[in-house]
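Residue numbers (the numbering used here): 25 to 368.
What follows is the structure in structure tokens.
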């Protein structure tokens with residue numbers, strides 16, 4: 025590494041000084057045993073003291089991550105170096121890295137270039153489902169940024185996709201309960217809502233996770249019901265009640281259309297957009313959002329009606345004053361509404 029980059033606030037420019045400790049100025053051979061005798065807790069990782077960074081962008085990272093305070097994160101730099109060197113031993117990601125390296129050579133679990141971390145004996149879910157590469161890249165990107173919770177989510181989802189891929193590729197996939205439910209839905213209902221084909225594929229892709237897949241099937245039923253105008257879910261009804269154009273099925277018996285509409289339907293500016301959004305979230309299965317939308321809309325409506333009332337009152341005052349002049353003297357200065365002009 026060259027010392028050509030000069031910072032004015034650093035006096036000496038011995039790279040080892042910044043990089044690691046002066047105790048071991050020789051560059052590390054990248055083996056997991058290197059320096060493991062120095063009392064570091066996990067021998068699989070090189071102790072933080074002796075670390076030479078060579079990965080692209082390490083100089084910039086040093087300014088951001090090797091600083092006092094909460095931003096200080098030497099472990100992230102070590103992780104990036106290990107990614108660069110191909111020596112990651114972290115159990116959550118090592119199998120995936122090993123897999124990307126050996127994908128071309130093998131479909132099996134073992135393969136050349138396994139790296140110490142891959143652990144020849146461990147049973148790894150090897151991904152080969154369609155387009156799994158994108159998910160692998162995403163996982164590695166987040167791992168590089170230290171977002172381990174997202175990495176875990178991506179891996180869980182990828183494993184579900186892989187297991188589902190195996191089920192679909194098996195000789196009798198239709199014996200699987202989820203795929204049976206999906207077939208029943210396809211046969212029982214005439215599916216024609218927008219996007220139903222995508223939903224079918226989605227359920228197939230996650231069929232190994234029965235809870236998630238069943239949720240999705242429920243969503244398909246909901247979407248078809250909205251399309252057929254047969255949806256009787258209370259949450260959907262609550263949106264329709266507030267929709268001026270809402271279907272008045274059954275609700276307007278005995279009441280005039282305008283009476284029924286004015287009771288809970290929204291009329292504030294842009295209320296149509298809010299109704300649309302509520303329905304959009306309902307179709308996505310985000311029910312808590314829908315409830316929030318309805319509540320917010322009701323609040324806006326209340327405020328809007330109050331405002332209208334105020335404007336009305338002001339108009340009433342103006343017209344009543346002009347009338348009062350011409351016909352008879354008002355009893356009081358304060359004229360709240362027309363009712364005060366009953367003949368005495």
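The beta carbon of each residue, even a glycine, is placed where N, CA and C say it ideally should be.
{"query": "Does the beta-carbon distance from residue 290 to residue 316 come in below 8 Å?", "result": "no"}
{"query": "Hey, how far is the Cα of residue 296 from the Cα of residue 96?", "result": "49 Å"}
{"query": "Of all the alpha helix (DSSP H) runs that stay within the bounds of the stretch 284 to 353, which reach a length of 4 or more residues?", "result": "295 to 308, 311 to 350"}
{"query": "Please list the terminal residues of the continuous alpha helix (DSSP H) segment that includes residue 238.", "result": "234 to 252"}
{"query": "Using CA atoms only, rank isn't needed, just tell me which of 108, 260, 183 is closest to residue 305.", "result": "260"}
{"query": "If we call anything under 8 Å between Cβ atoms a contact, is residue 234 one with residue 246?", "result": "no"}
{"query": "Near residue 51, what residues of its chain come up, given a Cβ to Cβ distance below 8 Å and the 5 sequence neighbours on each side ignored?", "result": "Per-residue confidence for residue 51 stands at a pLDDT of 39, beneath the threshold of 50, marking its modelled position as unreliable; the derived number appears in the next sentence. Answer for residue 51: 76, listed in chain order."}
{"query": "Beta-carbon separation of residue 318 and residue 232 under 8 Å?", "result": "no"}
{"query": "When DSSP labels each residue in this structure, what does residue 81 get in the three-state scheme?", "result": "coil"}
{"query": "Does the structure place the stretch 87 to 107 close enough to the stretch 166 to 185 that three or more beta carbon pairs sit under 8 Å?", "result": "yes"}
{"query": "Answer with buried or exposed for residue 188, where buried requires no fewer than 16 other C-beta atoms within 10 angstroms of its C-beta.", "result": "buried"}
{"query": "Would you mind sorting residue 229 into buried or exposed? The rule is 16 or more other CB atoms within 10 Å of its CB.", "result": "buried"}
{"query": "In this structure, does DSSP put residue 183 in helix, strand or coil?", "result": "helix"}
{"query": "The alpha helix (DSSP H) with residue 156 in it runs from where to where?", "result": "156 to 168"}
{"query": "Run the CB neighbour count on residue 244, radius 10 Å, all protein chains shown included, and call it buried at 16 or more, exposed below.", "result": "buried"}
{"query": "Buried or exposed for residue 209, going by 16 or more other Cβ atoms inside 10 Å?", "result": "buried"}
{"query": "According to DSSP, is residue 217 part of a helix, a strand, or is it coil?", "result": "coil"}
{"query": "Apart from the five residues on each side of it in sequence, which residues of its chain come closer than 8 Å, Cβ to Cβ, to residue 223?", "result": "240, 243, 244, 247"}
{"query": "Give me the Cα-Cα distance between residue 108 and residue 115, rounded to the nearest whole angstrom.", "result": "17 Å"}
{"query": "Rounded to whole angstroms, what is the Cα-Cα separation between residue 123 and residue 238?", "result": "31 Å"}
{"query": "Compare the C-alpha of residue 323 against each of 120, 339, 300, 288 and name the closest.", "result": "288"}
{"query": "How many Å lie between residue 269 and residue 151 at the Cα?", "result": "49 Å"}
{"query": "Over the uninterrupted alpha helix (DSSP H) stretch that includes residue 209, give me the two end residues.", "result": "201 to 212"}
{"query": "Would residue 217 and residue 251 be called neighbours here (beta carbons separated by less than 8 Å)?", "result": "yes"}
{"query": "Going by DSSP in three states, residue 223 sits in which element: helix, strand or coil?", "result": "helix"}
{"query": "Going by alpha carbons, who is nearest to residue 253 out of 149, 313, 212, 303?", "result": "303"}
{"query": "Assign residue 335 to one of two classes, buried (16 or more other C-beta atoms within 10 Å of its C-beta) or exposed (fewer than that).", "result": "exposed"}
{"query": "Can you tell me where the alpha helix (DSSP H) holding residue 197 begins and where it ends?", "result": "From DSSP, residue 197 is part of no alpha helix (DSSP H); its letter is neither H nor E."}
{"query": "Taking the C-alpha atoms as reference points, what is the distance between residue 203 and residue 121?", "result": "32 Å"}
{"query": "Mind checking which residues open and close the alpha helix (DSSP H) that includes residue 265?", "result": "258 to 266"}
{"query": "Could you give the distance in angstroms between the alpha-carbon of residue 177 and the alpha-carbon of residue 326?", "result": "42 Å"}
{"query": "Let me confirm a value: residue 111 is counted as buried when at least 16 other C-beta atoms fall within 10 Å, else exposed. Which label applies?", "result": "buried"}
{"query": "Below 8 Å between beta carbons: does that hold for residue 80 and residue 90?", "result": "no"}
{"query": "Tell me the rounded alpha-carbon separation between residue 298 and residue 182.", "result": "35 Å"}
{"query": "Got a sec, what are the start and stop residues for the alpha helix (DSSP H) residue 98 sits in?", "result": "98 to 109"}
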